[in-house]
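Same order as they appear, the protein sequences are chains A and B. What the first sequence shows, in this note's numbering, is residues 1 to 124, in sequence order. What the second sequence shows, in this note's numbering, is residues 1001 to 1198, in sequence order. One structure is given here, and the rest of the page talks about it.
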Amino acid sequence: STLTGQNTICTYIASSDCGDTDLEKAEVQQWLTLSNRFESDPEGLKLLQSHLETRTWMIGNKMSLTDVTVYVRMIPIVKSWRGEDRLNNNHIVRWFDFIQHQAEICENDLAKQLEKIQIDLNAA
Amino acid sequence: MEFKLSIPAAQKNDNLFNNALKVCIAISVFDQENVEIVGCAGQNYVSLECPKQNKSLNEANSIVRYAFKKVQLVYSDKRFLQSQNNGQISVSDAALIEWEETFLYSNLLLQDKQQVASSVEKVLSIAEFPADFSTAAAIIVMATLYEFIPTFSSTQLQNNYPNIAKLFTAFLHDDRARRGIELAAKYTTPKKTDSEVA
């Protein structure tokens, strides 16, 4: 049979990277769902900003499917942000810059083609 | 209580109400007795707090998924759930949920209703919902359609969308689904202030 749906395919392929506990698995799905709507639903971005305030990674203690997927979906959004937007979403911007410079992203042949967004974390 | 479910006030035909329906029906259908439900003014999303893990879920479908994974295989009244997959969401159900998250979410209130209904009819003709709607996909899809389907007459449904008509009728007659709908209606109704009561 044929699988349809970006999130469904991602979680099928990366099934071992979709959370260790039932609650973490639900969190993974939460962010896959919310990130699909970030451009049309600013409430999701508020949740993301709050979530990343105290975190390095989206889920758990390492790079995961969630980080990669949300990062890719955030590229056009972060690219469109200027000045005050980046300041008001500082935790997202910090996380985004961290992810885009990870070896898993920089050294992946496909990911290399993704546009790197210039971010000055010291900008006021 | 092990969990706290916060339900915001919401209007009919609103995504917030739809989300409240999903989670309340899930709590009811999955027979979750360890969840405290509270109304929550001023919040724009449903949330499930899990104090033991110091985490919360703030998206309705993920709450339903989690509730499903926590489900027992036997109802408190000793009847078996029709869904017997030990809380694992099948790939086909995951695809159905994503269809709801994308197609229905984007089109239900915006596109031509006959066109949407035709698409829904096609999907429901191949979806395999258990008779008691005890899967995450069944609850999510049927809750989302709850306010859309009654916009058609019974004759239209029977003649043009028989699968929709059949499933919706069964859904409305399911005791647990009905109880969940009542819960959603209760907790989404704004509480009157003292001055309004006076």
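Cβ atoms here follow ideal geometry from the backbone N, Cα and C, with glycine treated the same way.
Just tell me which of A/V72, A/S50, A/D120 and A/W95 has its CA closest to the CA of A/R82. A/D120
Can you give me the C-alpha to C-alpha distance between B/R1179 and B/I1025, rounded to a whole angstrom? 7 Å
Any idea what DSSP makes of B/C1024, helix, strand or coil? helix
Using a Cβ-Cβ cutoff of less than 7 Å, which residues in the same chain neighbour A/D67 once the five nearest sequence positions on both sides are dropped? W57, M58 and I99
Indicate the three-state DSSP secondary structure (helix, strand or coil) for A/G19 in the structure shown. coil
Output needed for B/A1185: all residues of its chain with C-beta closer than 8 Å, excluding positions within five of it in sequence on either side, in chain order. none
Between which residues of its own chain and A/L45 is the CB-CB distance below 8 Å, once the five residues before and five after are set aside? F38, I77, N89 and I92
For the candidate residues A/L23, A/R94 and A/N36, whose alpha-carbon lies nearest to that of B/T1102? Of the candidates A/L23, A/R94 and A/N36, the residue whose Cα lies closest to the Cα of B/T1102 is A/N36.
Within 8 Å of chain A by C-beta, residues of the segment 1112-1127 of chain B in sequence order: none
Other residues of its chain near B/N1107: CB distance less than 6 Å, five sequence neighbours each side excluded: V1116
Closer than 6 Å by C-beta to B/R1176: which residues in its own chain qualify, once you throw out the five before and the five after it? Chain order, please. S1028 and V1029
Since A/T4 meets chain B, which of its residues come closer than 9 Å, beta carbon to beta carbon? A1095, E1098 and W1099
Near B/I1140, what residues of its chain come up, given a Cβ to Cβ distance below 6 Å and the 5 sequence neighbours on each side ignored? K1022, N1061, V1064, I1097 and E1100
Under 7 Å between C-beta atoms of B/N1044 and B/M1001: no
List the residues of chain B whose Cβ lies closer than 8 Å to the Cβ of A/A26, in chain order. Result: L1057, S1062, I1063, R1065, Y1066 and K1069.
Could you tell me whether the segment 1114-1134 of chain B touches the segment 1006-1022 of chain B, where touching means 3 or more Cβ pairs closer than 8 Å? They do not touch, by the three-pair rule.
Among the candidates B/L1057, B/E1182, B/E1049 and B/K1004, whose CA atom is the shortest distance from the CA of B/I1037? B/K1004
Mind checking which residues open and close the alpha helix (DSSP H) that includes A/S80? For A/S80, the enclosing alpha helix (DSSP H) covers residues L65 to S80.
With DSSP collapsed to three states, give me the class of A/K25. helix
Starting from A/E43 and walking both ways along the alpha helix (DSSP H), at which residues does that stretch end? Start and end: P42 to L52.
Starting from B/L1048, trace the beta strand (DSSP E) in both directions and tell me its first and last residue. Where B/L1048 is concerned, the enclosing beta strand (DSSP E) stretches over S1047 to C1050.
A/K112 versus A/C106 - alpha carbon distance: About 6 Å.
Which two residues bound the contiguous alpha helix (DSSP H) that contains B/G1039? That residue, B/G1039, is in no alpha helix (DSSP H); its beta strand (DSSP E) goes V1035 to G1039.
Endpoints, the alpha helix (DSSP H) within which B/K1186 is located: D1175 to T1188
Along chain C, in chain order, which residues have C-beta atoms closer than 7 Å to that of A/Q100? Any reference to chain C falls outside this structure, whose protein chains are A and B.
Run through DSSP, which three-state label would A/L3 get? coil
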